[in-house]
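Here the structure is laid out as structure tokens; the discussion comes afterwards.
Residue numbers (the numbering used here), protein chains in the order written: chain F, 1 to 473; chain U, 1001 to 1069.
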């Protein structure tokens, strides 16, 4: 019988694991934000420039929803495709490092829950991973035309893409053996930079918005190293944080030890791999430490897709007697995280939250959002019901003013609410970013007769509530 | 900023705590790799035993935390 080619096996495993549950969960806030950006009736360019990201992902989704529709499955389809392709690229890159480790690296990239999570997240991170890995693969193969195109796409996908591809470009430049190759790398980098230049005008404005307010604590070394644990996923039971994170770091350190000879001698392939994996994120973390911490862990997905190459290199280095305890330590982490991915910490079911509202809806009712962010999600799932949004503070956490306008968000003060409607379904999402303006509005509106319809406590700092409030009775 | 967002201080404290936890985790991973490597260079069997002890200890710790929660 003919053996299935390794690349095909990796594609099948990656595809099968990612297609399960692809469309079963509701869109969460960030996905809903993109869905609002690309829906009919929204001002697309104002929404894109009013947000904090470059436009490529929104453009992909604009076409996607017009071709495949706006169901959860269709909405996540591009992320699914780019994620599977990124896994394939991880395999191809591993082949450049050492053909013996490539099958294991590819299969691990296919099954790591932290990688597959983003195949099921209709945001730009899988596209970012695909473009960064394509740039790295092209640089390893000395194909600087493809490198230039991939670098350009990475920069237009997420701003950290600039740091990733700049590190790869600088690495390729430093490791080039001839002046001819140096010239090729320089031209490729210059072309990508030139193509990104028009966005700089928007970028400066976005940086001002982000710089004024962002939700992250200060960047420090542990925070900068956090992404090394990313391949193991985001839905881990708290009790297993310590064993899983220790194993994640140990496996990565082990891989670096396995590649040490090549790295110490400045061999092109392992050096470029490690630069592609860590130098860009390190530079970005440094900027975050000096300026403002705007690093979200998911933006380090390209590193997470590449880390299985280090795990496979570590495994290959181990002597036969050590392999058994290594497997007995590593495999449970993978199993626990994979099972957790499909079973716990699932996204809020928006239709379930809306069900009591729909059941008891009367003429003269309105869904009133204390926080603009809940409108972004709920209005997508209930476009047929009336909505109003309290005009609270506007910033990058609570939807910028430009995006509110672009989405045609129905801003409504308390006076207008009470004069136009009889009852309000109050949506309250308490978070560390609930402002005093919002807290005062909650007190004022719930001063009337009201009762809780649904409540959810996600942790000590965050709580969602729906309350039914009689405005006129 | 804290006057406009009263919950922000508590949030930053949680962030700082998780950063401390990550620092300890990274340190443990460094010690794990260093100890297994150092022992493994002298004897393969010793390296295997050291890694088995680390693995058992880590997972026991996780299970204990789960039972206690």
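C-beta: ideal position from N, C-alpha, C; glycine also.
- Residue burial classification, residue 32 of chain F (beta-carbon count within 10 angstroms, cutoff 16): buried
- For residue 452 of chain F, three-class secondary structure by DSSP: strand
- What is the DSSP secondary structure of residue 424 of chain F, counted as helix, strand or coil? strand
- What's the C-alpha gap between residue 75 of chain F and residue 132 of chain F? 22 Å
- Task: Quick one: using the 10 Å Cβ neighbour count with 16 as the cut-off for buried, is residue 339 of chain F buried or exposed?
- Result: exposed
- Task: Mind listing the chain F neighbours of residue 1029 of chain U? Cutoff is C-beta to C-beta under 7 Å, in chain order.
- Result: 246, 249, 250, 253
- Under 8 Å, do residue 217 of chain F and residue 1034 of chain U count as touching if we go by C-beta distance? No.
- Just to confirm, does residue 267 of chain F get its C-beta within under 7 Å of one of the non-hydrogen atoms of the ligand NAP? In terms of ligand content, the structure shown is empty, and the ligand NAP therefore cannot be addressed.
- Message: Just to confirm the assignment, what range does the beta strand (DSSP E) spanning residue 262 of chain F have?
- Response: Careful: residue 262 of chain F lies outside any beta strand (DSSP E), inside the alpha helix (DSSP H) at 260-264.
- Item | Amino acids of chain U, ordered along the chain, whose beta-carbon sits closer than 7 Å to that of residue 220 of chain F | 1019
- Between which two residues does the alpha helix (DSSP H) containing residue 10 of chain F stretch? 6-19
- Task: Indicate whether residue 442 of chain F and residue 378 of chain F have their beta-carbon atoms separated by less than 8 Å.
- Result: no
- For the alpha helix (DSSP H) that residue 359 of chain F lies in, which residues bound it at each end? 350-360
- Give me the Cα-Cα distance between residue 316 of chain F and residue 1008 of chain U, rounded to the nearest whole angstrom. 47 Å
- Message: Quick test of your reading: residue 397 of chain F and residue 294 of chain F, contact by CB under 8 Å. State the CB separation rounded to the nearest angstrom.
- Response: Incorrect: roughly 12 Å between the Cβ atoms, too far for contact.
- Is there at least one Cβ from chain F nearer than 8 Å to residue 1041 of chain U's Cβ? Not a single CB atom of chain F sits nearer than 8 Å to the CB of residue 1041 of chain U.
- Message: If I follow the unbroken beta strand (DSSP E) through residue 384 of chain F, where does it start and stop?
- Response: No beta strand (DSSP E) holds residue 384 of chain F; DSSP gives it neither H nor E.
- Item | the region 154-168 of chain F contacting the region 188-196 of chain F, beta-carbon criterion three pairs below 8 Å | yes
- Message: Just to confirm the assignment, what range does the alpha helix (DSSP H) spanning residue 369 of chain F have?
- Response: Residue 369 of chain F -> not in any alpha helix (DSSP H); beta strand (DSSP E) instead, spanning 365-369.
- Compare the C-alpha of residue 65 of chain F against each of F:95, F:122, F:180 and name the closest. F:122
- Message: Just to confirm the assignment: which complete alpha helix (DSSP H) runs, minimum length 4, are found wholly within the region 304-338 of chain F?
- Response: For the region 304-338 of chain F, there is no continuous alpha helix (DSSP H) assignment of 4+ residues that stays within its boundaries.
- Near-chain U residues of the region 452-472 of chain F (beta-carbon distance less than 7 Å), N- to C-terminal order: 461
- Message: For chain F, check one thing: does any of its Cβ atoms lie closer than 8 Å to the Cβ of residue 1069 of chain U?
- Response: yes
- Answer yes or no: does any C-beta atom of chain U fall closer than 8 Å to that of residue 225 of chain F? yes
- Buried versus exposed, by CB contacts within 10 Å (16 or more), residue 291 of chain F: Residue 291 of chain F is exposed by the Cβ-count criterion.
- In chain order, what residues of the same chain lie with their CB nearer than 6 Å to the CB of residue 137 of chain F, ignoring the 5 residues before and after it? 89, 92, 93
- Sort out for me which residues DSSP pairs residue 388 of chain F with in a bridge. In the DSSP assignment, residue 388 of chain F is bridged to F:368.
- Query: In whole angstroms, what is the alpha-carbon distance linking residue 385 of chain F and residue 43 of chain F?
  - Reply: The straight-line gap from Cα to Cα measures roughly 21 Å.
- residue 468 of chain F by DSSP, collapsed to three states: which one? strand
- Hey, is residue 435 of chain F's beta-carbon within less than 8 Å of any beta-carbon in chain U? yes
- Query: Which residues share a DSSP beta bridge with residue 411 of chain F?
  - Reply: F:389
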